[in-house]
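**Student:**
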Amino acid sequence: EKPKSDVKIITRLKHKFDGEGFWDNRYKHIFVISAGGGEAREVPTDALVVPDHLIPQLSPVPALAWIAAATERLRIAAFVHNNDLRHPAVLAQDLASLDVLSGGRLDVAIGAGWNKPEYDAIGLRFDPTPVRQARLIEAIAVLKGAFGDEPFSFEGEHYTITDLDGQPKPVQRPHPPFL
Numbered sequence: 001e002k003p004k005s006d007v008k009i010i011t012r013l014k015h016k017f018d019g020e021g022f023w024d025n026r027y028k029h030i031f032v033i034s035a036g037g038g039e040a041r042e043v044p045t046d047a048l049v050v051p052d053h054l055i056p057q058l059s060p061v062p063a064l065a066w067i068a069a070a071t072e073r074l075r076i077a078a079f080v081h082n083n084d085l086r087h088p089a090v091l092a093q094d095l096a097s098l099d100v101l102s103g104g105r106l107d108v109a110i111g112a113g114w115n116k117p118e119y120d121a122i123g124l125r126f127d128p129t130p131v132r133q134a135r136l137i138e139a140i141a142v143l144k145g146a147f148g149d150e151p152f153s154f155e156g157e158h159y160t161i162t163d164l165d166g167q168p169k170p171v172q173r174p175h176p177p178f179l
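Residue 93 in the numbering used here is what sits at position 93 of the sequence shown, and the numbering runs on without skipping anything.
1) Tell me the residue span of the beta strand (DSSP E) that contains residue 161.
2) What is the DSSP secondary structure of residue 142, reduced to helix, strand or coil?
3) Should the segment 119–132 be regarded as contacting the segment 144–151, the criterion being three or more beta carbon pairs within less than 8 Å?
4) Which value, in whole angstroms, describes the spacing of the CA atoms of residue 108 and residue 124?
5) So who's on the other strand from residue 76, going by DSSP bridges?
6) Just tell me which of 75, 167 and 110 has its CA closest to the CA of residue 83.
7) What residues in its chain sit with their C-beta under 6 Å from that of residue 136, if we drop five residues either side in the sequence?
8) Are there 16 or more other CB atoms within 10 angstroms of the CB of residue 153, so buried, or fewer, so exposed?
9) Less than 8 Å between the C-beta atoms of residue 102 and residue 78, yes or no?
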């Protein structure tokens, strides 16, 4: 049976496999169709990642929620969340929610951002690399604090958090794995 078009893979697998990707009905493998219309080949996988770019695609958080709902064993992650596009306290709630909805299958991948044209397109200042990296280090501290068992406070150069008890708490303790 051919894969159904309503379960078309959201990610752009064609850059890696030179084809279009589809899940099979069991949601255990990816089928890759060659760009030349060749036969589908099965590609076993343990995780499915969704890019975080301001391009014609679904936003990664709702896309990952859909993937989590449609699968039973695949680990999910963005590849990678751009730290500058979301405040880390907001991202912590989104990520913890994904971990809960997926039953503990979330991996966290977050980066400092690199695609200057995306920053320019939304009027976001593209700071020098050391500044973006320092902001990323603080963001990871905020994420881990929000995933913790108790309310936490944080004061850095880029973020200030006061008595935040991040909710929901992720299933994976003390937090989902960071890649």
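Yeah, the Cβ is synthetic: ideal placement off N, Cα and C, and Gly gets one too. Computed from a predicted model, the values in this text were never measured in an experiment.
**Tutor:** With the structure as the only source:
1) On the sequence shown, residue 161 is found 161 positions in, with the first residue counted as 1. Residue 161 -> beta strand (DSSP E) spans 160–164.
2) Here residue 142 refers to the residue found at position 142 when the sequence shown is read from its first residue. Correct three-state label for residue 142: helix.
3) Contact fails: fewer than three Cβ-Cβ distances are below 8 Å.
4) On the sequence shown, residue 108 is found 108 positions in, with the first residue counted as 1. On the sequence shown, residue 124 is found 124 positions in, with the first residue counted as 1. Cα to Cα, the separation comes out at about 23 Å.
5) As a first step, residue 76 must be located in the sequence shown, where it is residue number 76. Residue pairing from DSSP places residue 76 in a beta bridge opposite 48 and 106.
6) By 1-based counting over the sequence shown, the position of residue 83 is 83. Closest by alpha carbon: 110.
7) As a working mapping, residue 136 is identified with position 136 in the sequence shown. Excluding residues within five positions, the ones whose Cβ falls inside 6 Å are 83 and 112.
8) Locating residue 153 in the sequence shown gives position 153, where the first residue counts as 1. Under this definition residue 153 is an exposed residue.
9) On the sequence shown, position 102 is the one that residue 102 refers to. On the sequence shown, position 78 is the one that residue 78 refers to. No. Outside cutoff.
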